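**Student:** Counting along the sequence shown from 1, when you hit position 602 you're at 631 in the numbering used here, and nothing is skipped either side. In this text, a Cβ means the ideal position worked out from N, Cα and C, and glycines have one as well. Predicted model, so just to flag it, every value in this text is computed and none were measured. After the structure tokens below, expect a handful of questions from me.
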Amino acid sequence: MEVTDSNLQSLAGYLEQTLSPDASVRKAAENFLESVEGSQNYPVLLLTLLDKDGVPVHLRVSSAVTFKNYTKRCWRVTEDGGDKIHRNDRTTIKQRIVGLMLKSPDQIQKQLSDAISIIGREDFPDKWPDLLQEMVTKFQTGDFHVINGILITAHSLFKRYRHEFKSQQLWAEIKFVLDNFAQPFTELFNATMEFAKTHSEDPVALKVIFSSIVLICKIFYSLNFQDLPEYFEDNMGIWMNHFLTLLSADNKILRTQDEEEAGLLEQVKSQICDNVALYAQKYDEEFSPQLPSFVTAIWNLLTSTGQQVKYDMLVSNAIQFLASVAERPSYKSLFEDPSTLASICEKVIVPNMQFRDADEELFEDNPDEYIRRDIEGSDVDTRRRSACDLVQALSKSFEGPVIQNFSQYVAGLLEEYGKNPSNWKSKDVAYYLVTSLAAKGQTQKHGITTASSLVNTADFFTTQVVPDLQAADVNANPILKADAIKFLMVFRSQLPKEALVASLPCLMKLLKATSLVVHSYAAHTIERLLMVRTQDGKTATISLADIQPLSTDLISGLIEALNHPGSAENEYIMKALMRSMSALQEHILTVIQQVMGVLTQKLIQVSKNPSKPQFNHYLFESLCIGIRTTCKHQPQAIFTFEEALFKPFTDILQADVQEFIPYVFQILSLLIDYHTSGTVPDTYMALFPHLLAPALWERPGNIPPLVRLIQAYIEKGAKQIPVENVNGLLGVFQKLIASKANDHEGFYLLNSIIQHMPKEVVSQYVKNIFILLFQRLSSSKTTKYIKSLLLFFCLFAIQYGADALIQNVDGIQAKMFGMVIEKLFLQDLQKVSGSLERKICAVGVTNVLTESSLMFSTYNAMWAQFLQGLISLIELPEDTNVPDDEHFIEIEDTPGYQTAYSQLAFAGKKEHDPVSEVTDVKINLARQLAKLSAAHPGKVPALISAGLQAEAQTFVQQYLTAAGVTL
């Protein structure tokens, strides 16, 4: 693919088509571009096109976006995927991209800056050492369009230092950056501050200069996050003096008329509050001389800043700074005067907890955003959250005085509301204050886990919250209703069971509220209440008996709530429906037809345009619960489910709805599991050959559910799988076993084949399977792979016989089983994890020791050592050590939504125990040893006494005694 005019023209044509409103045209163009992205010069063509004069702007931007997405997908070289970009292209890109980025218009500059940071994450500094020098030299240009481009890139390159784990590699990279960047960066800050003075009357120049200052302040935060660099410690005076100057800066040119959008001045001051909060929290010893000046400056800022939305981030960060200072015992003296606490409450906390007109507009006009900020914890930049944090920070050191002081405010606010209910905003603030005062420990999973003994939450709940929950008109005072529901939700672990059970009918009634926030909070709280556990954590606080009388109304109420405008894909309602169905168990059978009808209709609607991943996930989970619960009690219902679901599932597979295909595979597995005939129906068997198509296995998200589905086929219908498909099945195994990320999935498949497929079919492939396993072992050995391999060896010994295992290993190379014992079993058997897996290994090794003639003859010298290893497996805890240099992907057990693969908790596979007849591995070993000893009189005791450690001999004696046998 050469860089020619005709190729550029062709590329522009395809990019134009990717913007088409016609989905089929768009998809075809996207597929074509994806098919050629492996060709040499493809990325160079994109860069050439975005820089070409005469090309329409929208196509240049499209080319920049496509290039950025290409680097995101392809730049990282993985063991499984190999290198998708030609070496020459990599060099060309790194030579051209910085210069291109700096001369491009803003829209394109932003995309290329992101691409530089993606490439930098992989290549900087080791494979791109001159990047920093190229950037630093541009500081001298004095052209702020260029300087801003460099600062944007530096910010996106360095901001990962804020969340990277500490490591030697990270320290080395940060040191390299500081050595080459810190001094010119500081000089740039000095120069920029001077420019700001000399251009203070020039609106155009001043805006560009302050854009640079915002970025400089953000980069400062990233470079100082991991540790206090020596350079910045030595030059702290320069930086902090500039920060103080900027905190008090006020230039009418920079003031915005917009009430909502933060201007550059607010952004700068807000970031400075973040920077000094970082220093106060992490480097208080070095920063303490500077601190009092900042406390004064930020206090003055807080008391002089208005209530407009544009100041929210600034006020929030300023309060967070005070909170971080208040938390430190060394700064206690700044706050202990009662008049100071009173002043903070009056001038900072109460004003910033007020429910403003802007908040009311958000509640009514953008309820999704209101919910996101209020209960999803993404409200870190709201005034209310910061004010709550400040109350909690002050309470750590001055709990008594703070609660005493603020309780007077709470009483006053409630009195105002009591006199005149139109003062509902007073009660709203009271809710927030009480929550802040009472909460000492909180988690997303359990709500408030530790409450202050000085605040009577149960009394407040009874006198203030319950009346709001029980109010006859579900649509009156929606904001107070939302507050009341939220209070119940966050204090659920602190309130008595009776209060929780009594509130369920109120919440069910509130599902009828037209306010999206109110009915979403009601659904969310129902779901959270059903998850509250008793103190031992073993059982649900709200039992089946408590909710059974409400079952029909609860399920109907949730289904009807999905009809509210704006709630057709409400994730809180769907999650509550899922949780209620799970809690009610077989008591949903009376309404299951209605529920499945609604869920199927929803599935058909959302599959046309999946846009709410959480909603979709809970929708599929609910389908699983419906299938599981019904088929458990009414096996014949499986046909009704198939009738309802096969059409939408077929449409999803044919339309290639990528987000839903992994879900469809998981539900098909569940349906096969619930067929009682002992075979797989023909409708499923017709699909089987298509599941082996290589294209399906290219998408990482398909792999776990596809393996789970093929396992279901093998377990139910091993004899129905046509012989010609076995090659395809082993081809899939071969592909998976070669991948570090997916080798465990390959073993899941192999273990099912070994356990369930007819031996006469599998036997001809066994030699090749062993060769593949040893090839992978020699090319790329990881702990995860060895654990899976040992489990396979033991399962093979159980299913095909211990001698067959040894013969297959020795068939690859003479006496190799001795090396397998020494290098694999004895070194790593202890690392096998999972109780069933350890049981299979214990039984498999027992069989090799006691049933194999080869083990007792050819490998006689290793017999006692092997027995010692088995006793260690039985008696010692799992060895969880993993080599430091080994980076492997563990199997993710927790269900959660990722675009790649979302495991459905309620589609989980029932664990199959291939050695269910063995109830105790110790007694099994004792009986097998006794049988072996009877066949070879005198030999076994001699081997044990000569080769086993004393402690292990004691264990063997205990097993023999427990089994009632002797050697």
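Do you know whose CA, among 107, 139 and 117, lies nearest residue 96's CA?
**Tutor:** Here the question's residue 96 lines up with position 67 in the sequence shown. Here the closest residue by C-alpha is 139.
**Student:** Only counting the same chain, and skipping five residues up and downstream in sequence, which positions put a Cβ closer than 6 Å to that of residue 423?
**Tutor:** Walking along the sequence shown from the start, residue 423 turns up at place 394. The answer, listed in chain order, is 355 and 431.
**Student:** Among 895, 848 and 889, which residue has its Cα nearest to the Cα of residue 859?
**Tutor:** As a first step, residue 859 must be located in the sequence shown, where it is residue number 830. Comparing Cα positions, the closest option is 895.
**Student:** Between the Cα of residue 667 and those of 699, 718 and 165, spot the shortest distance and give me the residue it belongs to.
**Tutor:** Locating residue 667 in the sequence shown gives position 638, counting from the first residue. Checking every option, the nearest Cα to that of residue 667 belongs to 699.
**Student:** Which class does residue 830 belong to by DSSP, given the choice of helix, strand or coil?
**Tutor:** For the purposes of this step, residue 830 is taken as the residue at position 801 of the sequence shown. It is coil, neither helix nor strand.
**Student:** Between 87, 151 and 962, which has its C-alpha nearest residue 102's C-alpha?
**Tutor:** Residue 102 sits at position 73 when you count from the first residue of the sequence shown. Selected option, being the one with the closest Cα: 151.
**Student:** Determine the direct distance from the alpha carbon of residue 769 to that of residue 918, and round the result to whole angstroms.
**Tutor:** Working through the sequence shown from its first residue, we reach residue 918 at position 889. Working through the sequence shown from its first residue, we reach residue 769 at position 740. Because the pLDDT of residue 918 is 36, which lies under 50, any placement of that residue in the model is unreliable, and the number read from its coordinates should be weighed accordingly. About 8 Å.
**Student:** Pairs of beta-carbons, one from the segment 230–237 and one from the segment 266–284, closer than 8 Å: are there three or more?
**Tutor:** The answer is yes - the segment 266–284 touches the segment 230–237, with three or more Cβ pairs under 8 Å.
**Student:** Would you mind listing the alpha helix (DSSP H) stretches within the segment 333–384 that are 4+ residues and don't spill past its ends, in chain order?
**Tutor:** List check, alpha helix (DSSP H) in window: 341–356, 367–373 and 379–382.
**Student:** Per DSSP, which one or two residues make a beta bridge with residue 107?
**Tutor:** Here residue 107 refers to the residue found at position 78 of the sequence shown. Its beta-bridge partners are 111.
**Student:** If you draw a straight line from the alpha carbon of residue 749 to that of residue 569, how long is it in whole angstroms?
**Tutor:** Here residue 749 corresponds to residue number 720 of the sequence shown, with the count starting at 1. Here residue 569 corresponds to residue number 540 of the sequence shown, with the count starting at 1. Approximately 43 Å between the Cα atoms of the pair.
**Student:** Beta-carbon within less than 6 Å of residue 556's beta-carbon, same chain only, minus the 5 sequence neighbours each way: which residues are those?
**Tutor:** Residue numbering aside, residue 556 sits at position 527 when the sequence shown is read from its first letter. For residue 556, where only same-chain residues beyond five positions count, the Cβ hits under 6 Å are 604, 605 and 608.
**Student:** Within 10 Å of its beta-carbon, does residue 693 have 16 or more other beta-carbons around it, so buried, or fewer, so exposed?
**Tutor:** Against the sequence shown, residue 693 aligns to sequence position 664. That one is buried.
**Student:** Going by DSSP, name the residue or residues bridged to residue 569.
**Tutor:** Along the sequence shown, one-based indexing puts residue 569 at 540. Paired residues: 562.
**Student:** Which term fits residue 662, buried or exposed, when burial requires 16 or more other beta carbons within 10 angstroms of its beta carbon?
**Tutor:** Looking up residue 662 in the sequence shown gives position 633. Exposed.
**Student:** Relative to the alpha-carbon of residue 627, which residue among 681, 651, 637 and 646 has its alpha-carbon at the smallest distance?
**Tutor:** For the purposes of this step, residue 627 is identified with residue 598 of the sequence shown, where counting begins at 1. Per the Cα distances, 651.
**Student:** In chain order, what residues of the same chain have a beta carbon less than 8 Å from the beta carbon of residue 341, not counting five sequence neighbours either side?
**Tutor:** Your numbering for residue 341 matches position 312 in the sequence shown. So the qualifying residues of the chain are 291, 410, 411 and 412.
**Student:** Between residue 877 and the rest of its own chain, which residues show a CB-CB distance below 6 Å, the 5 nearest in sequence each way excluded?
**Tutor:** As a position in the sequence shown, residue 877 is number 848, starting the count at 1. So the list reads 826, 831 and 884, once near-sequence residues are dropped.
**Student:** Under 8 Å, do residue 237 and residue 173 count as touching if we go by C-beta distance?
**Tutor:** Stepping through the sequence shown from its first residue, residue 237 is reached at position 208. Stepping through the sequence shown from its first residue, residue 173 is reached at position 144. Yes; because the gap between Cβ atoms is below 8 Å, this pair is in contact.
**Student:** Under the three-state reduction of DSSP, which class applies to residue 614: helix, strand or coil?
**Tutor:** In the sequence shown, residue 614 corresponds to position 585, counting from 1. Residue state, collapsed to three classes: helix.
**Student:** Can you tell me which of the three DSSP states residue 171 falls into?
**Tutor:** Stepping through the sequence shown from its first residue, residue 171 is reached at position 142. It is coil, neither helix nor strand.
**Student:** I'd like the span of the alpha helix (DSSP H) that includes residue 677, first residue to last.
**Tutor:** Position 648 of the sequence shown, counted from the start, is the residue given in the question as residue 677. 667–684 is the extent of the alpha helix (DSSP H) around residue 677.
**Student:** Can you tell me which of 274, 974, 975 and 959 puts its alpha carbon nearest to the alpha carbon of residue 992?
**Tutor:** For the purposes of this step, residue 992 is taken as the residue at position 963 of the sequence shown. Comparing Cα-Cα distances from residue 992 to each of 274, 974, 975 and 959, the minimum goes to 959.
**Student:** How many whole angstroms separate the CB atoms of residue 376 and residue 343, which I take to be in contact at a CB cut-off of 8 Å?
**Tutor:** Here the question's residue 376 lines up with position 347 in the sequence shown. Here the question's residue 343 lines up with position 314 in the sequence shown. In fact, because the Cβ distance is near 16 Å, the residues do not count as touching under 8 Å.
**Student:** Among 695, 72, 359 and 509, whose alpha-carbon lies nearest the alpha-carbon of residue 934?
**Tutor:** Numbered from its first residue, the sequence shown carries residue 934 at position 905. The shortest Cα separation from residue 934 among 695, 72, 359 and 509 belongs to 695.
**Student:** Would the segment 83–94 and the segment 53–71 be scored as touching if the rule is three or more Cβ pairs under 8 Å?
**Tutor:** No, the segment 83–94 is not in contact with the segment 53–71.
**Student:** Could you check whether the Cβ of residue 173 sits closer than 8 Å to any Cβ belonging to chain B?
**Tutor:** Here there is only one protein chain, and chain B is not present.
**Student:** To the nearest angstrom, how far is the alpha carbon of residue 597 from that of residue 187?
**Tutor:** The residue labelled residue 597 in the question sits at position 568 within the sequence shown. The residue labelled residue 187 in the question sits at position 158 within the sequence shown. Whole-angstrom Cα-Cα distance: 41 Å.
**Student:** For residue 35, count the other beta carbons within 10 Å of its own beta carbon; 16 or more makes it buried, fewer makes it exposed. Which is it?
**Tutor:** Taking the sequence shown and counting its residues from 1, one reaches residue 35 at position 6. By the neighbour-count rule (16 or more Cβ atoms within 10 Å), residue 35 is not buried but exposed.
**Student:** From what residue to what residue does the alpha helix (DSSP H) around residue 888 run?
**Tutor:** If you number the sequence shown from 1, residue 888 lands on position 859. No alpha helix (DSSP H) contains residue 888, which DSSP labels as neither H nor E.
**Student:** Exposed or buried, what is residue 200 when buried is set at 16 or more other beta-carbons lying within 10 Å of its beta-carbon?
**Tutor:** The sequence position of residue 200 within the sequence shown is 171, counting from 1. The residue is exposed, with fewer than 16 neighbouring Cβ atoms inside 10 Å.
**Student:** If we count the other Cβ atoms within 10 Å of its Cβ and call it buried at 16 or more, is residue 33 buried or exposed?
**Tutor:** As a working note, residue 33 is residue 4 in the sequence shown. Counting Cβ neighbours within 10 Å, residue 33 comes out exposed, since fewer than 16 surround it.
**Student:** So for residue 541, helix, strand or coil by DSSP?
**Tutor:** Numbered from 1 along the sequence shown, position 512 holds the residue referred to as residue 541. Note: residue 541 maps to coil in three-state DSSP.
**Student:** Closer than 7 Å by C-beta to residue 316: which residues in its own chain qualify, once you throw out the five before and the five after it? Chain order, please.
**Tutor:** Mapped onto the sequence shown, residue 316 falls at position 287. Cβ within range, chain order: 308 and 309.
**Student:** Out of 208, 805 and 265, which has the shortest C-alpha to C-alpha gap to residue 158?
**Tutor:** Here residue 158 is taken as the residue at index 129 of the sequence shown, counted from 1. It is 208 whose Cα lies nearest to the Cα of residue 158.
**Student:** Specify whether the segment 835–843 and the segment 785–794 touch according to this definition: at least 3 beta carbon pairs, one from each stretch, less than 8 Å apart.
**Tutor:** With the cut-off at 8 Å, the segment 835–843 and the segment 785–794 do not touch.
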